[in-house]
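Everything on this sheet refers to the single structure shown next.
Residue numbers (this note's numbering): 1 to 403.
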């Protein structure tokens with residue numbers, strides 16, 4: 001298993017690779033693996049614990065989430081612009097579906113290949129950060145990509161499959177990986193317990209830079225509706241050319257699972273396992289986006305049927321395979337409804353208190369300026385975007401049917 005391979009690499013006495021760990025937002029629930037309450041272990045204590053295990057650098061996958069926000073928001077704007085100008089691109093139709101959930105992407109490729117053109121081409125935060133670590137951080141640190149072992153800690157059991165290079169890709173042909181190993185929240189918690197590392201008793205440590213700091217918007221990727229909200233924050237500010245003030249920090253009331261007619265303050269989180277509902281996000285300049293958040297693959301299938309039958313029309317849709325999103329992932333310690341509600345509330349509370357809440361992350365700006373160029377540009381597409389194949393067969397793309 002990946003966790004054992006990681007421990008074996010950490011245990012090498014010399015000529016060991018540079019060991020890097022990246023932590024997904026939902027992994028902040030690791031306290032539950034030790035019999036503690038959600039929130040009893042801070043992310044800073046988890047960073048200290050990972051360093052005690054032997055990791056040389058610890059990065060926050062929030063940085064990858066912020067990259068996804070930039071790339072996905074820009075991609076959505078491009079698709080919207082094409083449709084507003086009545087020149088829709090067959091390769092980039094609407095609605096645009098989010099692509100950061102591997103369970104959802106696998107369902108599209110295997111069961112609904114006609115939807116492939118509707119998927120965002122953006123890689124997930126895990127894979128974006130992996131590409132940045134192996135191509136940007138490696139150069140900054142004076143290391144070769146093959147001398148780095150990048151280990152992801154994820155709430156999802158499907159993330160290890162996502163880390164496998166796609167058939168036919170350059171990485172697949174060269175035998176390269178941007179993410180070398182993936183372990184789950186529960187697996188890492190078990191390692192800490194077996195090593196006698198009591199996270200709640202440790203001092204806090206910061207993440208490493210230059211790819212270690214993320215925004216509150218990126219933090220929301222851990223819960224259903226969060227990817228949608230984070231992307232819409234970016235779209236709102238780009239379209240309106242105005243900052244989104246604290247009183248309008250939430251563009252949807254997605255966490256309440258009820259329709260929202262205008263941008264409004266966020267209500268208290270509730271019912272993360274409830275079915276999703278259609279929403280609207282409307283700017284003061286009169287631009288209205290019809291959006292939907294599908295919570296669980298059962299609801300995703302219902303949504304697909306509605307779209308195919310012409311019963312619903314959306315511009316942007318988020319789909320998460322697990323109840324409550326990543327906080328309810330198969331790699332999490334436990335997943336009952338009450339626990340999911342507590343995790344979701346904690347995510348939004350951390351977002352409210354975050355110093356950087358949207359796209360103002362200076363480290364993201366520096367990365368684009370020094371290395372990537374512009375969002376959705378050539379370099380960004382090369383490293384941060386992917387392609388999908390019907391049934392997993394290389395070089396086959398379904399054209400799909402316009403809705």
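Backbone N, C-alpha and C fix where the C-beta goes; we use that ideal spot for every residue, glycine too.
Please read all numbers here as calculations on a predicted model, not as lab measurements.
- Contact annotation, residue 200 with residue 31: C-beta distance approximately 7 Å; criterion of less than 8 Å satisfied.
- Residue state for residue 181 is assigned as strand, using DSSP reduced to three classes.
- For residue 148, same chain residues with a beta-carbon under 7 Å away, outside a window of 5 residues either side, are 17, 18, 20, 133, 134, 138 in chain order.
- In this structure, residue 68 places its C-beta atom within 7 Å of the C-beta atom of residue 128.
- The segment 289-296 makes contact with the segment 317-328; the number of CB pairs closer than 8 Å reaches 3 or more.
- By the neighbour-count criterion, in which 16 or more other beta carbons inside 10 Å mark a residue as buried, residue 305 falls on the exposed side.
- Sequence-distant Cβ neighbours of residue 152 in its own chain, meaning closer than 6 Å and more than five residues away, are 22, 126, 179, 182.
- Listed as beta-bridge partners of residue 317 by DSSP are 97, 292.
- When rounded, the separation of the alpha-carbon atoms in residue 10 and residue 2 is 12 Å.
- Rounded to the nearest whole angstrom, the CA to CA distance from residue 57 to residue 51 is 8 Å.
- The shortest C-alpha to C-alpha distance from residue 146 to any of 28, 196, 177 is the one to 177.
- In this chain, the alpha helix (DSSP H) harbouring residue 306 covers 297-308.
- By the C-beta criterion, the segment 60-67 is judged not to be in contact with the segment 77-87, since fewer than 3 inter-stretch pairs fall below 8 Å.
- A Cβ-Cβ distance of about 19 Å is found for the pair residue 331 and residue 47, leaving them out of contact under the 8 Å criterion.
- Contact annotation: residue 102 and residue 187 have beta-carbon atoms that are not nearer than 7 Å.
- Under the three-state reduction of DSSP output, residue 8 falls in the helix class.
- Distance from the CA of residue 301 to the CA of residue 310, rounded to the nearest whole angstrom, comes to 14 Å.
- Between the beta-carbon of residue 124 and that of residue 96 there is about 15 Å, and that puts the pair past the 8 Å contact cut.
- By the criterion of a C-beta distance shorter than 8 Å, residue 108 is surrounded in its chain by 97, 115, 116, 119, 388, once the five residues flanking it on both sides are discounted.
- The Cβ atoms of residue 366 and residue 113 lie no closer than 7 Å to each other.
- Counting only runs that start and end inside the segment 34-60, the alpha helix (DSSP H) elements of at least 4 residues fall at 43-53.
- Residue pairing by DSSP places residue 69 in no beta bridge whatsoever.
- Taking the CA atoms as reference points, residue 44 sits about 44 Å from residue 307.
- Here residue 197 carries a coil assignment [DSSP, helix/strand/coil].
- For residue 111, the number of other beta carbons within 10 angstroms of its own is below 16, and it is reported as exposed.
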